[in-house]
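Structure record follows, encoded as structure tokens.
Residue numbers (the numbering used here): 11 to 668.
Next comes the structure, spelled out in structure tokens:
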């Protein structure tokens, strides 16, 4: 048993140090006299004080003391000083320090002593006995302190009617609160009526009333974390109590003259048994996977618990989840095993609790057991695949198992289920999957689906769904190497096709009269064609379009010009000038003008390669080649063209780039 906190004792200092000076009065037990008492921030004043009285029907104050009152003027009877060592010690210290030099614990001790002893209060000069009262008359009292020849009011009391002594009233608004093995007590604060409260107690085990506080419990407002002042929730805590016992309390108040009030009413507080019994020990759990059943066993220290009533068994599907009690009635105290069905294969958490007669439960450690699912889910049905550009969409019917976790999707190039590649590392809950593939993929794919339950049992693979990925990629553009005149017409040569799935090549030509005329459709392996349906001295422009097996068409090839004439071509009518500009990193070319040429085409090749057009049909007689590399040997040739085709061709000129 102890005061709730020493802080609550010391907080009365804040009452003295922060409050204004105050006057308290009471009728004396000795009759026809009134006791007057003042308090200030230093407990008592270091200066002279005067006591005044005024009846309510009077306008003037009457001084009661013949000469100013000063601390130390009143002499405490010697027998009291001899009997009370604390009084002797305090008066000795005060005689040395005075009022203004007291602080802390010393000031608190002086304050407490002033509550207990009228002689000590008169020694301090803070208490005065008015022996000149008239019975039945109502008075007010005033205390002043003398400062530099004038008086300053310390305070004025409330009105009091002279007459019979009345003890203070007991504390009101008493509240009790149970906290584990202690009981907290609070009451309505009335700091102007009394300074402290005495607490008395008896119980069902000890019916004698005993005061359980050495000194009256004093309270005052304290600051919280926000700096706001307020009273604590509880003023006193009676601790180290015994559970299962009912405690009864009575309170009295003690006023500023040390007078104790009558007892308050009784407050009975039953302190229930809240201590759980010892928990079961060495508990273990085993699972019967086929029967979907668990068996829980435990041991118990019966010799150490006198009020054991029985056991409860709890289960949850999560360690920190909600646990459900499995036994409808309390299991007998001598039981040490429990068998129970589980809803289905899964992981479960169990604990056993010992229950005492008060209903408190002591819980064992939590045990985990996994009831395994040994039955695989059904094989997925209705697998369907739909191919689109760059993706395949696989769908199937949903399984109906309650413990289904999801599906795995496999892809293979053949129809062997053992050669499938898993497409999703984690199971998917939905019954559809999209397999994204490169757009140029040509293979035939086979897809199978496997269902997986929460115990990771897998079904056998489903029947396959097979498909090809649509070919949406156009073939590469063909490249025409040359167009040359033959005795019968114009021969067009081009490079072999690079695409493996090429189906055909279409040859087109344009002239000034007809544009984009389809000449012929040729097999994919073709690399040349002789166009015999030509007109003499008509210029033609040829291009190719490649078509693959899916019907995708390439873009147009390069455009190559040609014309057919019976007369012999003029040779070597051009002088080609070739110069290398090492600063500009370019080859400058120029040639002589042909008198009847409609345009020129410049050709270039590197070592061990064929001539390729470097330009289209141009009108200029000069050209700068910037697309060169150091260390290469380049060969150049110029051709002039008229309406009848090639008019002339220069010799080949070479230059080495250094």
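Yeah, the Cβ is synthetic: ideal placement off N, Cα and C, and Gly gets one too. For clarity, every value in this text was computed on a predicted model and none was experimentally measured.
Shortest alpha-carbon distance to residue i belongs to which of the options?
i           : options               : result
residue 359 : 312, 297 and 387      : 297
residue 165 : 479, 476, 272 and 32  : 32
residue 35  : 120, 143 and 616      : 143
residue 325 : 313, 295, 436 and 62  : 295
residue 606 : 652, 593 and 594      : 652
residue 250 : 524, 200, 188 and 410 : 188
residue 376 : 498, 348, 333 and 52  : 333
residue 163 : 62, 79, 190 and 170   : 62
residue 443 : 462, 475, 402 and 55  : 402
residue 449 : 440, 485 and 172      : 485
residue 327 : 300, 439 and 378      : 378
residue 473 : 547, 458, 482 and 487 : 458
residue 91  : 181, 626 and 127      : 127
residue 125 : 185, 225 and 109      : 225
residue 452 : 548, 509, 440 and 116 : 509
residue 227 : 330, 131, 238 and 201 : 201
residue 632 : 135, 599 and 146      : 599
residue 601 : 199, 548, 133 and 662 : 662
residue 51  : 95, 112 and 43        : 112
residue 268 : 110, 137 and 304      : 137
residue 43  : 67, 68, 74 and 49     : 74
residue 496 : 521, 529, 543 and 461 : 543
Less than 7 angstroms separating the beta-carbons of residue i and residue j?
i           : j           : result
residue 534 : residue 512 : yes
residue 464 : residue 415 : yes
residue 357 : residue 380 : yes
residue 319 : residue 366 : yes
residue 204 : residue 263 : yes
residue 455 : residue 421 : yes
residue 527 : residue 519 : yes
residue 502 : residue 550 : no
residue 222 : residue 245 : no
residue 363 : residue 307 : no
residue 178 : residue 271 : yes
residue 53  : residue 121 : yes
residue 427 : residue 471 : yes
residue 506 : residue 397 : no
residue 86  : residue 129 : yes
residue 499 : residue 445 : no
residue 382 : residue 353 : no
residue 399 : residue 482 : yes
residue 159 : residue 80  : no
residue 441 : residue 406 : yes
residue 261 : residue 315 : no
residue 7   : residue 594 : It is not possible to answer for residue 7, since the shown part of the chain is limited to 11 through 668.
residue 46  : residue 151 : yes
For residue i, collect the residues of the same chain with a Cβ closer than 8 angstroms to its Cβ; drop the 5 residues on either side in sequence, then sort them by chain order.
i           : result
residue 621 : 492, 613, 614, 615, 645 and 647
residue 667 : 590, 597, 638, 639, 640, 641, 642, 643 and 644
residue 240 : 231, 232 and 234
residue 478 : 397, 452, 453, 454 and 455
residue 582 : Low local confidence applies: a pLDDT of 49 at residue 582 is under 50, so the model's placement there is unreliable, with the coordinate-based value given in what follows. Around residue 582: 658, 659, 660 and 661.
Using DSSP's beta-bridge definition, name the partner residues of residue i.
i           : result
residue 602 : Residue 602 is not bridged to any residue.
residue 33  : 48
residue 515 : 532 and 556
residue 62  : 73 and 152
residue 502 : 493 and 539
residue 186 : 195
residue 596 : 591
residue 385 : Answer is none; residue 385 lacks a bridge partner.
residue 160 : 157
Please list, in chain order, all residues of the same chain as residue i whose beta carbon is under 6 angstroms from its beta carbon, the five residues on each side excluded.
i           : result
residue 650 : 604, 607, 610, 657 and 658
residue 286 : 370, 371 and 372
residue 290 : 308, 310, 362, 364 and 374
residue 617 : 643
residue 660 : 584, 586, 647 and 648
residue 65  : 147 and 149
residue 210 : 219, 221 and 260
residue 77  : none
Can you find the residues in the same chain that come closer than 7 angstroms, C-beta to C-beta, to residue i, ignoring five residues on each side of it along the sequence?
i           : result
residue 664 : 643, 644 and 645
residue 514 : 531, 532, 533, 534 and 557
residue 577 : Confidence in residue 577 is poor, its pLDDT being 46 and thus under 50, which makes the residue's placement unreliable; the coordinate value appears in the next sentence. Counting only Cβ-Cβ distances below 7 angstroms, and skipping sequence neighbours, we find nothing.
residue 489 : 504, 505, 567 and 568
residue 157 : 57
Cβ-heavy atom distance between residue i and the ligand SAM below 6 angstroms?
i           : result
residue 312 : What this structure holds is no ligand at all, so the ligand SAM is not there to describe.
Segment contact, 8 angstroms Cβ cut-off, at least three pairs: the segment 272 to 281 with the segment 331 to 350: no
Contact between the segment 206 to 225 and the segment 256 to 264 (3+ Cβ pairs under 8 angstroms): yes
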